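2 protein chains.
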Amino acid sequence: MKDIKPKLISLFKKGYCTPQIARIAKKIKEPSTTIHYNIKKLEEEAIKTYKAVFDYNQIGEGHCTFLLVNLKEEKYGQPEEIAEEIAKSERIESVDIVTGEYELLIKLRSEDIDDYYAWIKEAIKKYNFAKTISLTSLKQLKTEFVEI
Amino acid sequence: MKDIKPKLISLFKKGYCTPQIARIAKKIKEPSTTIHYNIKKLEEEAIKTYKAVFDYNQIGEGHCTFLLVNLKEEKYGQPEEIAEEIAKSERIESVDIVTGEYELLIKLRSEDIDDYYAWIKEAIKKYNFAKTISLTSLKQLKTEFVEI
DNA sequence: ATAAATACTTGAATATTATACGAATAATGA
DNA sequence: TCATTATTCGTATAATATTCAAGTATTTAT
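Right, dumping it as C-alpha cells:
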C-alpha cells in the first residue's frame, strides 16, 4: 500500500488534468485538429488550469463555511496582503474582497466543525481579524459550477 | 470562422477534461499503471468531474457576486427545491443552504453590474425572494481552489 | 494463527489520443 | 485590391492511456 490517493487529491485540486480533445471533437462534430488549435488559443487567453472537482464529503472535507471578515483598522485600507496570505492554504476554496459590511469573504473546507473551530481560532490570532461571521453550509447543491 | 471557443467554454465549465497520468507518474515517481489504477478507484469514490478554471475577466464573466437570500415564509421550511432550480443556470458557481440570518448563499458570475441587475430583478420575481443582500466582489484572489 | 478472499502493484502489449506540420481557405487591415 | 494574419483540417507521428496477466500485499473469516 503506497497511499497514493492523498497525493492525487492534492495534485487534482489545482491541476494535472487536460482537455479531452477527441471527445470534444466528436461532441461538436469538428475535426480534432481544429479543436486542438482552438483550445491552445483559449489556454493562452483565458484558461488558468484544468482540475478535478470532488465529492468533498468523500475526501474528509465535507464541512464547508463562508466566513465574513472585518479587518482591524490598520489593515482596513490594504486588505490584499492578508487576502493573498489566506489564499495560499489548500483548504481555502475562494477569497474575495467584497462590498458591504465586511471586507473579506472566504470560502473554506474542513473535516468537521471541530476542525473548523481550530482553524478559525488560529486565523483570528494570526491575521488579527476585528470581527468575523461564519455562515456554515448545511447543504451544498452546487460548487465550482458543478452540481453535487 | 466557426466560433468554437464559446462551445469549449461551456463544455469546460462542467467537464470534458481528464487526468494527465503520465505527468503525475513522473511527478510522484510511480509507474503510470499504478497511478492509473489509483485514479480509477478515486473516480469511483470521490471525483465528480474534471474541468477547466478560467480567468473569468477574459470570458466576459468578471463580475462576481455573493447573494444572501431570505425566502418567503411558505418556502422557508423547504429551501432545497428553489436551491436546485437556481443551481441549474450556467452562471451560478455555487448554491448553499446556510446557517444564520439568511437561508441561501449563491455565488454567481455576470458580465458587468448591468447584467447582474437584470439577473437579480428576474430572480427576485421568479423565486419570490423575501429579502436579498448582494456582496459584490471587488477583487478575487482565489476561486475554485485556484489563485488567480 | 492460518487460509481464503480481496485489494493493490507493475511490466509488456495494444489501443487511443494528442501534437506537429503543411497546405488551403477565410478574415482583417491598409 | 492586395498583403498580412488567423483559422481550418488532413496526414503522419509521437505521446499517452488502457488492457491484460501475474505477482505481492492486505484484509477477513474461521
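Residue numbers (this note's numbering), protein chains in the order written: chain U, 1357 to 1504; chain S, 1357 to 1504. The beta carbon of each residue, even a glycine, is placed where N, CA and C say it ideally should be. Keep in mind it's a predicted model, so treat the numbers as computed, not measured.
- Interface residue (Cβ-Cβ distance to chain S less than 7 Å): Ile1377(U) is not classified as such.
- Close to Gly1418(U), with beta-carbon spacing below 7 Å, lies no residue of chain S; the smallest spacing is near 11 Å.
- Per DSSP, the beta bridge partners of Gln1496(S) are Asp1452(U).
- The Cβ of Val1451(U) sits closer than 7 Å to at least one Cβ of chain S.
- Around the C-beta of Ser1366(U), fewer than 16 other C-beta atoms lie within 10 Å, and the residue is accordingly described as exposed.
- Looking at Thr1455(S), Leu1398(S), Ala1479(S), the one whose alpha-carbon comes closest to that of Leu1464(S) is Ala1479(S).
- Beta-bridge analysis with DSSP links Arg1465(U) to Cys1420(U).
- For the segment 1485-1498 of chain S, residues whose beta-carbon sits nearer than 9 Å to a beta-carbon of chain U comprise Ile1489, Ser1490, Leu1491, Thr1492, Ser1493, Leu1494, Lys1495, Gln1496, Leu1497, Lys1498.
- Any Cβ of chain U closer than 7 Å to the Cβ of Thr1455(S) would place that residue at the interface, and such an atom is present.
- Closest option to Ile1438(S), judged by alpha-carbon separation, among Thr1390(S), Ile1403(S), Lys1482(S), Lys1382(S): Lys1482(S).
- With 16 or more neighbouring CB atoms inside 10 Å of its own CB, Tyr1406(S) falls in the buried class.
- Contacts with chain S at 7 Å (Cβ-Cβ) do not include Asn1426(U).
- Around the beta carbon of Glu1440(S), a 10 Å sphere encloses fewer than 16 other beta carbons of the protein chains shown; the residue is thus reported as exposed.
- With 16 or more neighbouring CB atoms inside 10 Å of its own CB, Glu1500(S) falls in the buried class.
- Below the 9 Å Cβ cutoff, chain S contributes Glu1401, Ala1402, Ile1403, Lys1404 as neighbours of Asp1411(U), in chain order.
- In its chain, beyond the 5 residues on either side, Ser1388, Ile1391, His1392, Ile1395 have a beta carbon closer than 7 Å to the beta carbon of Ile1377(U).
- Within the same chain, no residue comes within 6 Å of Asp1471(S) by CB-CB distance, once the 5 residues on both sides are set aside.
- Distance from Lys1361(S) to Glu1446(S) at the Cβ level is roughly 15 Å; contact not present, criterion being Cβ atoms closer than 8 Å.
- Residues of chain U whose Cβ lies closer than 7 Å to the Cβ of Ala1381(S) do not exist; the shortest such Cβ separation is about 10 Å.
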